[in-house]
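First up is the structure itself, then whatever we jot down about it.
Residue numbers (the numbering used here), protein chains in the order written: chain D, 664 to 831; chain B, 4 to 342.
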């Protein structure tokens with residue numbers, strides 16, 4: 664049995680957590696703790712960290728069943744090793760499109776880092792545009808490297824980068 | 004009852020605020036603290052009002068409210084504030100001059116003169132304190148005098164006194180916060196009211212929250228000076244203004260603020276002190292984050308090793324609100340003078 668941890672994006676509604684815990688129990692997971700990170704609640708979804716013990720194959724089955732049930736997994740770890748998963752949000756302001764947004768994204772991403780979502784606001788072609796993005800990284804080191812790259816790109820392309828409070 | 008003689012250095016918004024609160028609260032202070040605070044000199048850039056029996060603060064305030072200068076009062080002397088410090092017997096100086104961020108003058112010179120004369124000092128002058136923090140602290144220690152400056156960072160919010168008096172055993176691991184009310188007002192209006200930056204800034208100026216020249220606020224300079232003071236005083240650093248990585252809010256568009264809002268975030272101008280580094284810049288924080296405070300309020304979150312997260316919210320500026328911090332410092336010194 665291994666120590667397992669997952670962080671999921673859970674709909675803040677009655678019965679949602681119970682459904683997740685059923686999946687863990689069905690796959691022989693032994694539950695330790697459940698904590699809601701309410702300060703990060705966003706658009707009706709609360710990040711929930713669940714710690715449990717499970718055999719490796721059962722952990723994989725739990726992850727697969729959660730994904731099948733449409734539950735988004737932010738982070739998953741078994742035996743203290745992160746399998747995937749930190750996310751950070753950022754905003755870029757300026758001529759983000761004109762300075763080749765594809766190049767910006769490709770320069771940050773690699774096998775451990777991906778842009779998970781992108782939201783663009785464009786007033787007109789002449790005006791500065793704004794991009795809100797969520798970046799996902801396999802681990803803290805990959806995230807830190809990605810953020811440094813992002814800072815360098817923003818400086819080179821004269822874009823204003825606004826990160827979260829802990830992303831220096 | 005102990006009488007404490009005060010030299011008031013500066014009679015601008017903060018100086019007049021001091022005089023008004025002293026007139027209003029002198030009986031309360033006598034009753035609660037068993038001390039009479041007597042202003043025996045007011046120093047201004049072109050002369051001083053001096054009366055060892057106590058300045059008629061009411062008369063001085065009435066003149067200024069009528070738009071007149073205080074040089075028409077009989078106690079007016081054509082002497083510099085530094086000469087007044089040297090020649091008029093007093094116990095403490097309250098220095099509330101607006102100084103230059105690059106040089107810290109004229110505040111630094113006044114603070115040095117007062118400490119050298121052997122006066123205890125209370126200051127709200129962030130530019131002077133941020134510029135010469137280490138030198139001034141060394142001088143105060145050498146003279147064995149108090150140099151307190153709660154009002155210089157956070158206005159009416161007790162930050163340094165909170166840590167000094169109430170967080171005794173904790174190590175402060177990091178600090179982050181909103182230290183400038185003007186930019187917070189602007190960003191709140193951009194988020195809540197859908198305004199662009201220029202319109203929100205104009206509204207802040209009309210309400211008196213922003214100066215005619217808002218550069219110090221909008222470019223993050225004001226917040227950076229306060230961050231230097233907090234880093235040095237609370238976290239024992241030796242930072243200067245030039246050590247702060249500063250980004251202002253000029254480049255923030257209405258569209259970016261609305262995009263953040265759509266995704267459950269707000270943009271705030273945040274000062275961060277951690278890992279021996281100081282920065283001031285716009286940051287995105289979740290809408291339900293404790294630092295998401297509105298209007299022209301300030302807020303600071305301390306992260307400590309024992310008490311964990313401690314958040315304090317208050318008025319960061321204002322002629323009256325700042326007096327809460329100034330009088331706390333003055334009365335702290337009085338307690339020492341009484342013993």
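Idealized CB from N, CA, C, for every residue including glycine.
Determine which residues of the segment 265-299 of chain B have a Cβ less than 9 Å from any Cβ of chain D, and write them out in chain order. 265, 266, 267, 268, 270, 271, 273, 275, 277, 278, 280, 282, 284, 285, 286, 287, 288, 289, 290, 291, 292, 293 and 294
Report yes or no: is there a C-beta of chain B within less than 9 Å of the C-beta of residue 791 of chain D? In the first chain, the residue the question calls residue 791 of chain D occupies position 128. Yes, contact with chain B.
Label residue 153 of chain B either buried or exposed according to how many other C-beta atoms from any shown protein chain fall within 10 Å of its C-beta, with 16 as the threshold for buried. Taking the second chain and counting its residues from 1, one reaches residue 153 of chain B at position 150. Buried, by the Cβ-count rule.
How big is the Cα-Cα spacing for residue 724 of chain D and residue 674 of chain D? Sequence index remark: in the first chain, residue 724 of chain D carries index 61 (1-based). Sequence index remark: in the first chain, residue 674 of chain D carries index 11 (1-based). Roughly 21 Å between the two C-alpha positions.
Under 9 Å between C-beta atoms of residue 770 of chain D and residue 816 of chain D: If you number the first chain from 1, residue 770 of chain D lands on position 107. If you number the first chain from 1, residue 816 of chain D lands on position 153. Cβ distance < 9 Å, so residue 770 of chain D and residue 816 of chain D count as in contact.
Listed from N- to C-terminal order along the chain, which residues in the segment 234-266 of chain B have their beta-carbon within a distance smaller than 8 Å of any beta-carbon of chain D? Against chain D - using a Cβ distance shorter than 8 Å - the residues of the segment 234-266 of chain B are 250, 254, 255, 256, 258, 259, 261, 262, 263, 265 and 266.
Since I believe residue 683 of chain D is in contact with residue 699 of chain D (beta carbons under 8 Å), could you give me their beta-carbon distance rounded to a whole number of angstroms? Locating residue 699 of chain D in the first chain gives position 36, where the first residue counts as 1. Locating residue 683 of chain D in the first chain gives position 20, where the first residue counts as 1. In fact, because the Cβ distance is near 12 Å, the residues do not count as touching under 8 Å.
Pop quiz: residue 2 of chain B and residue 336 of chain B are said to be a contact at Cβ under 8 Å. What is the actual Cβ separation, rounded to whole angstroms? What the structure shows of chain B is the stretch from 4 to 342, and residue 2 of chain B is not part of that stretch, so it cannot be assessed.
Please confirm if the segment 729-736 of chain D is in contact with the segment 791-809 of chain D, defined as three or more CB-CB distances below 8 Å between the two stretches. The answer is no - the segment 791-809 of chain D does not touch the segment 729-736 of chain D, with fewer than three Cβ pairs under 8 Å.
Using the rule of at least 16 other Cβ atoms within 10 Å of the residue's Cβ for burial, across every protein chain shown, is residue 289 of chain B buried or exposed? Taking the first residue of the second chain as 1, we reach residue 289 of chain B at position 286. Residue 289 of chain B should be labelled buried.
Quick one: does residue 770 of chain D have its CB under 9 Å from some CB of chain B? The count along the first chain starts at 1 and reaches residue 770 of chain D at position 107. Residue 770 of chain D does not count as touching chain B.
Is residue 827 of chain D close to chain B, meaning its C-beta is less than 9 Å from at least one C-beta of that chain? Taking the first residue of the first chain as 1, we reach residue 827 of chain D at position 164. Chain B, which has a Cβ nearer than 9 Å to the Cβ of residue 827 of chain D, makes this yes.
Report the residue from B:278, B:21, B:189 and B:69 whose alpha carbon sits nearest the alpha carbon of residue 300 of chain B. Working through the second chain from its first residue, we reach residue 300 of chain B at position 297. The residue with the shortest Cα to Cα distance from residue 300 of chain B is B:189.
Euclidean distance between Cα positions of residue 313 of chain B and residue 162 of chain B: Working through the second chain from its first residue, we reach residue 313 of chain B at position 310. Working through the second chain from its first residue, we reach residue 162 of chain B at position 159. Distance between the alpha carbons of residue 313 of chain B and residue 162 of chain B: 11 Å.
If you draw a straight line from the alpha carbon of residue 764 of chain D to that of residue 756 of chain D, how long is it in whole angstroms? As a working mapping, residue 764 of chain D is identified with position 101 in the first chain. As a working mapping, residue 756 of chain D is identified with position 93 in the first chain. Whole-angstrom Cα-Cα distance: 12 Å.
May I ask you to list, following chain order, the residues of the segment 157-188 of chain B that have a beta carbon less than 7 Å from some beta carbon of chain D? Across the segment 157-188 of chain B, CB contacts with chain D closer than 7 Å involve 179, in sequence order along the chain.
Suppose you measure from the CA of residue 795 of chain D to the CA of residue 827 of chain D; what does that come to, to the nearest Å? Here residue 795 of chain D is taken as the residue at index 132 of the first chain, counted from 1. Here residue 827 of chain D is taken as the residue at index 164 of the first chain, counted from 1. Each residue's alpha carbon lies about 12 Å from the other.
State the Cα-Cα distance for the pair residue 76 of chain B and residue 122 of chain B, rounded to the nearest angstrom. Along the second chain, one-based indexing puts residue 76 of chain B at 73. Along the second chain, one-based indexing puts residue 122 of chain B at 119. Looking at the two C-alpha atoms, the distance is approximately 26 Å.
Report yes or no: do the segment 271-282 of chain B and the segment 174-194 of chain B share at least 3 C-beta pairs separated by less than 8 Å? Contact between the segment 271-282 of chain B and the segment 174-194 of chain B is present, because at least three Cβ pairs lie under 8 Å.
Cβ-Cβ distance between residue 281 of chain B and residue 231 of chain B below 9 Å: In the second chain, residue 281 of chain B corresponds to position 278, counting from 1. In the second chain, residue 231 of chain B corresponds to position 228, counting from 1. Yes, Cβ-Cβ distance for residue 281 of chain B and residue 231 of chain B is below 9 Å.
With distances taken from CA atoms, which of D:717, D:777, D:704 and D:774 is nearest residue 688 of chain D? Residue mapping note: residue 688 of chain D aligns to position 25 of the first chain, counting from 1. Checked all of D:717, D:777, D:704 and D:774; the closest Cα to residue 688 of chain D is D:717.
Can you tell me the Cβ-Cβ gap for residue 99 of chain B and residue 13 of chain B, rounded? I've got them flagged as a contact below 8 Å. Residue mapping note: residue 99 of chain B aligns to position 96 of the second chain, counting from 1. Residue mapping note: residue 13 of chain B aligns to position 10 of the second chain, counting from 1. So it is a contact: roughly 4 Å between Cβ atoms.
Could you work out which residues of chain B lie near residue 715 of chain D, taking near to mean beta carbons separated by less than 8 Å? Counting from 1 along the first chain, the entry for residue 715 of chain D is found at position 52. Going along chain B, no residue has its Cβ under 8 Å from residue 715 of chain D, so there is no contact; the nearest lies around 26 Å.
Do residue 41 of chain B and residue 351 of chain B have their beta-carbon atoms positioned less than 9 Å apart in this structure? The requested residue 351 of chain B does not occur in the structure, where chain B is confined to residues 4 to 342.
Return helix, strand or coil for residue 323 of chain B, following the three-state DSSP convention. Sequence index remark: in the second chain, residue 323 of chain B carries index 320 (1-based). If DSSP states are grouped into helix, strand and coil, residue 323 of chain B belongs with coil.
Per DSSP, which one or two residues make a beta bridge with residue 268 of chain B? Numbered from its first residue, the second chain carries residue 268 of chain B at position 265. The partner list for residue 268 of chain B (beta bridge, DSSP) reads B:289.
So what does DSSP say about residue 762 of chain D, is it helix, strand or coil? Stepping through the first chain from its first residue, residue 762 of chain D is reached at position 99. Looking at residue 762 of chain D - three-state DSSP - the assignment turns out to be coil, as it is neither helix nor strand.
Check residue 330 of chain B in the structure and name its three-state DSSP category. The residue labelled residue 330 of chain B in the question sits at position 327 within the second chain. Residue state, collapsed to three classes: helix.
Determine, using beta carbons only, whether residue 702 of chain D comes closer than 9 Å to chain B. As a first step, residue 702 of chain D must be located in the first chain, where it is residue number 39. Yes, contact with chain B.
State the Cα-Cα distance for the pair residue 338 of chain B and residue 168 of chain B, rounded to the nearest angstrom. To locate residue 338 of chain B, count along the second chain from 1; it is residue 335. To locate residue 168 of chain B, count along the second chain from 1; it is residue 165. Using only the alpha carbons, I get a separation of about 14 Å.
Grab me the residues of residue 223 of chain B's own chain with a C-beta within less than 8 Å of its C-beta, minus the 5 sequence neighbours each way, in chain order. In the second chain, counting from the first residue as 1, residue 223 of chain B sits at position 220. Here the set comprises 183, 186, 249, 250, 251, 252, 272, 283 and 284.
Three-state secondary structure assigned by DSSP to residue 48 of chain B: Looking up residue 48 of chain B in the second chain gives position 45. Coil at residue 48 of chain B, not helix or strand.
Assuming the contact rule is C-beta atoms closer than 8 Å, residue 778 of chain D and residue 667 of chain D should be a hit. Round their C-beta distance to whole Å, please. In the first chain, the residue the question calls residue 778 of chain D occupies position 115. In the first chain, the residue the question calls residue 667 of chain D occupies position 4. Contact flag wrong, Cβ pair sits at about 27 Å.
Per-residue DSSP class, three states only, for residue 668 of chain D: Here residue 668 of chain D refers to the residue found at position 5 when the first chain is read from its first residue. Of the three classes helix, strand and coil, the one that applies to residue 668 of chain D here is strand, per DSSP.
For a cutoff of 9 Å on Cβ pairs, would you count residue 671 of chain D as touching chain B? Within the first chain, numbered from 1, the residue matching residue 671 of chain D stands at position 8. For residue 671 of chain D, the answer is no, since every Cβ of chain B falls outside 9 Å of its Cβ.
Residue 795 of chain D touches chain B at which residues, Cβ-Cβ below 9 Å? Counted from its first residue, the first chain places residue 795 of chain D at position 132. Residues of chain B whose Cβ lies closer than 9 Å to the Cβ of residue 795 of chain D are, in chain order, 259, 262, 263, 265, 266, 268 and 287.
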